[in-house]
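Residues in the sequence shown are numbered from 1 upward in steps of one, following the UniProt record's numbering. To keep things clear, I will list the structure first and then write my remarks on it.
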Amino acid sequence: MGTKGASGLKEMTVGSNTGDVITKVKCAVLAVPENVAFCSPREIVFPTDYMFQYSIKILDTLAFLAETFQSTIRVLHVVRNNEETLSETQKENKELLENYLYDKKHSFHRLTHTNLSEAIQCFTESRDIHWIAMMAKKLHFFQQILFRPTVAKTSYHTKIPFLVLHE
Numbered sequence: 001m002g003t004k005g006a007s008g009l010k011e012m013t014v015g016s017n018t019g020d021v022i023t024k025v026k027c028a029v030l031a032v033p034e035n036v037a038f039c040s041p042r043e044i045v046f047p048t049d050y051m052f053q054y055s056i057k058i059l060d061t062l063a064f065l066a067e068t069f070q071s072t073i074r075v076l077h078v079v080r081n082n083e084e085t086l087s088e089t090q091k092e093n094k095e096l097l098e099n100y101l102y103d104k105k106h107s108f109h110r111l112t113h114t115n116l117s118e119a120i121q122c123f124t125e126s127r128d129i130h131w132i133a134m135m136a137k138k139l140h141f142f143q144q145i146l147f148r149p150t151v152a153k154t155s156y157h158t159k160i161p162f163l164v165l166h167e
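Take a look at the structure:
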């Protein structure tokens, strides 16, 4: 699905139709920014705070797409400071991910940064990331980075498709 709105405003990251589909349709949606050609992803970043338990449906969808395209899943956890430790819930959810992904091409990454959006941008720019996959439960984050009125010229969210995973 393309992300250009009917108004043609170049400043908007996604159009209203794409925004409605991302937030209201309960199936996986790949939003491809305007002027970005679809390509098979070699790497898919999966940002997480480990606060939510991952449903098998979400993990199956992510794994299916990664296996179909022979992609590597890069699980990214961003912390605000180096001393930040995982809670028991976060440890359990991370372990669930580790167990699910054990036989799939993947890696876990931890990045220290005060701004989640900037951290994901740094990570995507430092690697060969082709898609950003996120759980629909994190729609508040999607809204922060996708529905901003202005976007920096080299901003990653104008160049990388977003895969929204619904339960």
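Quick reminder that beta carbons are idealized off the backbone N, C-alpha and C, glycines included. Owing to the predicted nature of the structure, the values given are computational and were not obtained by experimental measurement.
Exercise. Less than 8 Å between the CB atoms is what I'm expecting for L163 and A28, so what's the real figure, rounded?
Key: As a working note, residue 163 is residue 163 in the sequence shown. As a working note, residue 28 is residue 28 in the sequence shown. Contact between L163 and A28 holds: their C-beta atoms lie close to 6 Å from each other, under 8 Å.
Quiz item: Among N93, S71, T68, which has the Cα closest to the Cα of H77?
Solution: Within the sequence shown, numbered from 1, the residue matching residue 77 stands at position 77. In this structure, N93 is the residue among N93, S71, T68 with its C-alpha nearest to the C-alpha of H77.
Exercise. To the nearest angstrom, report how far apart H166 and R42 are at their CA atoms.
Key: Here residue 166 refers to the residue found at position 166 when the sequence shown is read from its first residue. Here residue 42 refers to the residue found at position 42 when the sequence shown is read from its first residue. Whole-angstrom Cα-Cα distance: 22 Å.
Quiz item: Going by beta carbon distance, what residues of the same chain come within less than 7 Å of F69, once the five residues before and after it are set aside?
Solution: On the sequence shown, residue 69 is found 69 positions in, with the first residue counted as 1. The answer, listed in chain order, is S40, P41.
Exercise. Using beta-carbon positions only, say whether L101 and I73 come within less than 9 Å of one another.
Key: For this step, residue 101 is matched to residue 101 along the sequence shown. For this step, residue 73 is matched to residue 73 along the sequence shown. Closer than 9 Å, so yes.
Self-check item: Cβ-based neighbour list, I58, same chain, cut-off 8 Å, excluding 5 preceding and 5 following
Solution: Position 58 of the sequence shown holds residue 58. Same-chain partners within the cutoff: M135, L165, H166, E167.
Practice problem: Buried or exposed for T89, please, with buried defined as at least 16 other CB atoms from any protein chain shown within 10 angstroms of its CB. | Solution: Taking the sequence shown and counting its residues from 1, the one referred to as residue 89 is at position 89. Answer is exposed; the Cβ neighbour count stays below 16.
Quiz item: For A31, does the count of other Cβ atoms within 10 angstroms reach 16, so buried, or fall short, so exposed?
Solution: As a working mapping, residue 31 is identified with position 31 in the sequence shown. The residue is buried, with at least 16 neighbouring Cβ atoms inside 10 Å.
Quiz item: Which class does L62 belong to by DSSP, given the choice of helix, strand or coil?
Solution: Counting from one through the sequence shown, the residue named residue 62 turns up at place 62. Helix at L62.
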